[in-house]
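One structure below.
Number of protein chains: 2
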Amino acid sequence: MKFLKIPAATITRLSLYTRALEGLIKDQVTVVSSKKLAELCGVNPAQIRKDLAYFGQFGVRGVGYYVKELLFDIKKILGLHREWNLAIVGVGNLGCALVAHENFTKQGYRFVAAFDADPMKAGRKLVTGLMIYPPSDMQSVCRDKQVEMGVICTPPEFAQDIANRLVDAGVKAILNFAPTQIQAPEGIKVENVDFSVKLDNLAYYLTTS
Amino acid sequence: MKFLKIPAATITRLSLYTRALEGLIKDQVTVVSSKKLAELCGVNPAQIRKDLAYFGQFGVRGVGYYVKELLFDIKKILGLHREWNLAIVGVGNLGCALVAHENFTKQGYRFVAAFDADPMKAGRKLVTGLMIYPPSDMQSVCRDKQVEMGVICTPPEFAQDIANRLVDAGVKAILNFAPTQIQAPEGIKVENVDFSVKLDNLAYYLTTS
Numbered sequence: 678m679k680f681l682k683i684p685a686a687t688i689t690r691l692s693l694y695t696r697a698l699e700g701l702i703k704d705q706v707t708v709v710s711s712k713k714l715a716e717l718c719g720v721n722p723a724q725i726r727k728d729l730a731y732f733g734q735f736g737v738r739g740v741g742y743y744v745k746e747l748l749f750d751i752k753k754i755l756g757l758h759r760e761w762n763l764a765i766v767g768v769g770n771l772g773c774a775l776v777a778h779e780n781f782t783k784q785g786y787r788f789v790a791a792f793d794a795d796p797m798k799a800g801r802k803l804v805t806g807l808m809i810y811p812p813s814d815m816q817s818v819c820r821d822k823q824v825e826m827g828v829i830c831t832p833p834e835f836a837q838d839i840a841n842r843l844v845d846a847g848v849k850a851i852l853n854f855a856p857t858q859i860q861a862p863e864g865i866k867v868e869n870v871d872f873s874v875k876l877d878n879l880a881y882y883l884t885t886s
Numbered sequence: 678m679k680f681l682k683i684p685a686a687t688i689t690r691l692s693l694y695t696r697a698l699e700g701l702i703k704d705q706v707t708v709v710s711s712k713k714l715a716e717l718c719g720v721n722p723a724q725i726r727k728d729l730a731y732f733g734q735f736g737v738r739g740v741g742y743y744v745k746e747l748l749f750d751i752k753k754i755l756g757l758h759r760e761w762n763l764a765i766v767g768v769g770n771l772g773c774a775l776v777a778h779e780n781f782t783k784q785g786y787r788f789v790a791a792f793d794a795d796p797m798k799a800g801r802k803l804v805t806g807l808m809i810y811p812p813s814d815m816q817s818v819c820r821d822k823q824v825e826m827g828v829i830c831t832p833p834e835f836a837q838d839i840a841n842r843l844v845d846a847g848v849k850a851i852l853n854f855a856p857t858q859i860q861a862p863e864g865i866k867v868e869n870v871d872f873s874v875k876l877d878n879l880a881y882y883l884t885t886s
């Protein structure tokens, strides 16, 4: 299934809607208005309707959205109705924290392999039981374990080399936590995580409030 | 100075523009067109012009933007022309990784205090030299060290209590990494970091490509 020309911001918001819907299910809410859902997500109701309209007809006029149904539909749109196999590269503090982080496992992201260049780490297991391999094994391990996404937590100077190796190993999507820009060939999707952007929002708030 | 009704997305994009401008300075570029800057940031040129128009007149028609000047101006808008004092709460793997992360220090965010409820940790120092205090000292330490932002890296079940304590200690901005929603009184800004939202973007890409 191909959806063309969907803005990246819409996809990010769909992701936020699933978090809010999961919260509603936890609170045993079965139906939600677009106004209430919008409130929970910090967007306006028209935005929700516009985002969903890219993918079809959702909700019932005068009633709202059936929470479970909408969650199911959005998860299917995003490809979250299944599990994804991830490899982590660089198991320092951040890498270890990510492998153990509840948000990842809860959303169906499963770490199936770990890599680290430190010979003291390669060959050992993480506390979660995940085996740590040297980067030289990347190609064979990624193919064996059907790794679909790579998560880079190395120091910045190694990030590009690791990205190249992941791509060579058939990985088509990379989440980069290293504070550097990564170049990837066409057909490979890279998302960068920069925590400090969120701090900038706080700084702006404190400056103007 | 108050800027009213600026969309949150504009503030986030301004933050991304500063990252791109810093990259240009590193590459010794002195002038950039809005087309080129837009390319670097993954937005369209009209968006950049619209975002900047909230704050005044920037750039020279037919020339573009002077890189250093624009960076200076955006940093001032965001409140990044100064340093900010941060406290980290919860110095497990993630907390330690954040305190040491280059992106934070590079952008002027300085960790001046650390807290952890583990009696094995409180009273000791992090490898960065930062002293770890018990949460019961939060009020006095935060006031002493003039903490302006709190970063929560505790397990989710403690996050709300820690947020309350930070607010009691006079902290008005919180970055929450715990996988749970935090309630805060009016006048307190909370930003949640959920890494898995970025993974959802990758999942969508892999599903539709």
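Residue numbers (the numbering used here), protein chains in the order written: chain A, 678 to 886; chain B, 678 to 886.
For glycine and all other residues, C-beta sits at the position ideal for the given N, C-alpha and C.
What does the alpha-carbon distance come out to for the pair residue i and residue j?
{"i": "Asn721/B", "j": "Asn770/B", "result": "38 Å"}
{"i": "Pro812/B", "j": "Arg726/A", "result": "44 Å"}
{"i": "Leu879/B", "j": "Ile851/A", "result": "8 Å"}
{"i": "Tyr881/A", "j": "Ser817/B", "result": "26 Å"}
{"i": "Ala685/B", "j": "Leu883/A", "result": "14 Å"}
{"i": "Gly767/A", "j": "Leu807/B", "result": "24 Å"}
{"i": "Met678/B", "j": "Val740/B", "result": "With a pLDDT of 48 at Met678/B, under the threshold of 50, the predicted position of this residue should be treated as unreliable, though the coordinate-derived value follows. Taking the straight line joining both Cα atoms gives about 29 Å."}
{"i": "Ile765/B", "j": "Lys753/A", "result": "37 Å"}
{"i": "Glu825/B", "j": "Asp877/A", "result": "13 Å"}
{"i": "Ala900/B", "j": "Ala794/B", "result": "This structure cannot settle anything about residue 900/B, because the visible part of chain B is limited to 678 through 886."}
{"i": "Asn841/A", "j": "Leu698/B", "result": "26 Å"}
{"i": "Val790/B", "j": "Cys830/A", "result": "First, the residue type needs correcting, since residue 790/B is Ala and not Val in the sequence shown. Distance between the alpha carbons of Ala790/B and Cys830/A: 25 Å."}
{"i": "Glu716/A", "j": "Asp871/B", "result": "18 Å"}
{"i": "Leu755/B", "j": "Asp704/A", "result": "37 Å"}
{"i": "Gly719/A", "j": "Glu760/A", "result": "28 Å"}
{"i": "Phe792/B", "j": "Leu714/B", "result": "40 Å"}
{"i": "Ile688/A", "j": "Thr689/B", "result": "16 Å"}
{"i": "Tyr786/A", "j": "Lys849/A", "result": "15 Å"}
{"i": "Leu763/B", "j": "Gly733/A", "result": "45 Å"}
{"i": "Asn853/A", "j": "Gln837/A", "result": "10 Å"}
{"i": "Ala846/A", "j": "Arg820/B", "result": "51 Å"}
{"i": "Cys773/A", "j": "Glu834/B", "result": "20 Å"}
{"i": "Leu843/A", "j": "Met815/A", "result": "7 Å"}
{"i": "Lys712/A", "j": "Glu863/B", "result": "21 Å"}
{"i": "His758/B", "j": "Tyr810/A", "result": "43 Å"}
{"i": "Val776/A", "j": "Pro832/A", "result": "17 Å"}
{"i": "Thr857/A", "j": "Gly700/B", "result": "10 Å"}
Determine which residues share a DSSP beta bridge with residue i and list them.
{"i": "Ile851/A", "result": "Gly827/A and Val867/A"}
{"i": "Ala840/A", "result": "Ala840/A pairs with nothing; no bridge assigned."}
{"i": "Arg759/B", "result": "Answer is none; Arg759/B lacks a bridge partner."}
{"i": "Phe788/A", "result": "Leu763/A"}
{"i": "Ile809/A", "result": "Ala791/A"}
{"i": "Val709/A", "result": "Tyr742/A"}
Specify the secondary structure class of residue i as computed by DSSP and reduced to three states.
{"i": "Gly741/B", "result": "strand"}
{"i": "Lys703/A", "result": "helix"}
{"i": "Val804/A", "result": "coil"}
{"i": "Val818/A", "result": "helix"}
{"i": "Tyr731/A", "result": "coil"}
{"i": "Val776/A", "result": "helix"}
{"i": "Val720/A", "result": "coil"}
{"i": "Lys682/B", "result": "coil"}
{"i": "Phe872/B", "result": "coil"}
{"i": "Pro833/A", "result": "helix"}
{"i": "Lys798/A", "result": "coil"}
{"i": "Ile754/A", "result": "helix"}
{"i": "Ser886/A", "result": "coil"}
{"i": "Ala846/A", "result": "coil"}
{"i": "Thr857/A", "result": "coil"}
Indicate whether the contact test is met: 3 or more Cβ pairs, each with one atom in the region 795 to 806 of chain B and one in the region 859 to 875 of chain B, closer than 8 Å. no
Could you list the residues in the region 781 to 795 of chain B with a C-beta less than 8 Å from some C-beta on chain A, going in chain order? Residues Phe781, Lys783, Gln784 and Tyr786.
What residues from the region 871 to 882 of chain A come within 9 Å of chain B, judged by C-beta to C-beta, listed N to C? Asp871, Phe872, Ser873, Val874, Lys875, Leu876, Asp877, Asn878, Leu879, Ala880, Tyr881 and Tyr882
Determine which residues of the region 837 to 855 of chain A have a Cβ less than 7 Å from any Cβ of chain B, and write them out in chain order. Identification of residues in the region 837 to 855 of chain A having a C-beta nearer than 7 Å to some C-beta of chain B yields Lys849, Ala850 and Leu852, given in sequence order.
contact_flag[the region 727 to 737 of chain B, the region 780 to 799 of chain B] where n(CB pairs < 8 Å) is 3 or more: no
I'd like to know if the region 689 to 707 of chain A and the region 736 to 751 of chain A are in contact, where contact means that at least 3 CB-CB pairs between them fall below 8 Å. yes
If the cut-off is 9 Å on Cβ atoms, which residues from the region 808 to 827 of chain B count as contacting chain A, listed in chain order? Glu825 and Met826
Under 7 Å (Cβ pairs) to chain B, residues found in the region 712 to 725 of chain A: For the region 712 to 725 of chain A, which is checked against every Cβ of chain B, not one residue is closer than 7 Å.
Taking a Cβ distance cut-off of 8 Å, strictly less, list which residues of the region 728 to 759 of chain B are near chain A, in chain order. Ile754, Leu755, Gly756 and Leu757
Members of the region 685 to 704 of chain A near chain B, C-beta cut-off 9 Å: Ala685, Ala686, Ile688, Thr689, Leu691, Ser692, Leu693, Thr695, Arg696 and Gly700
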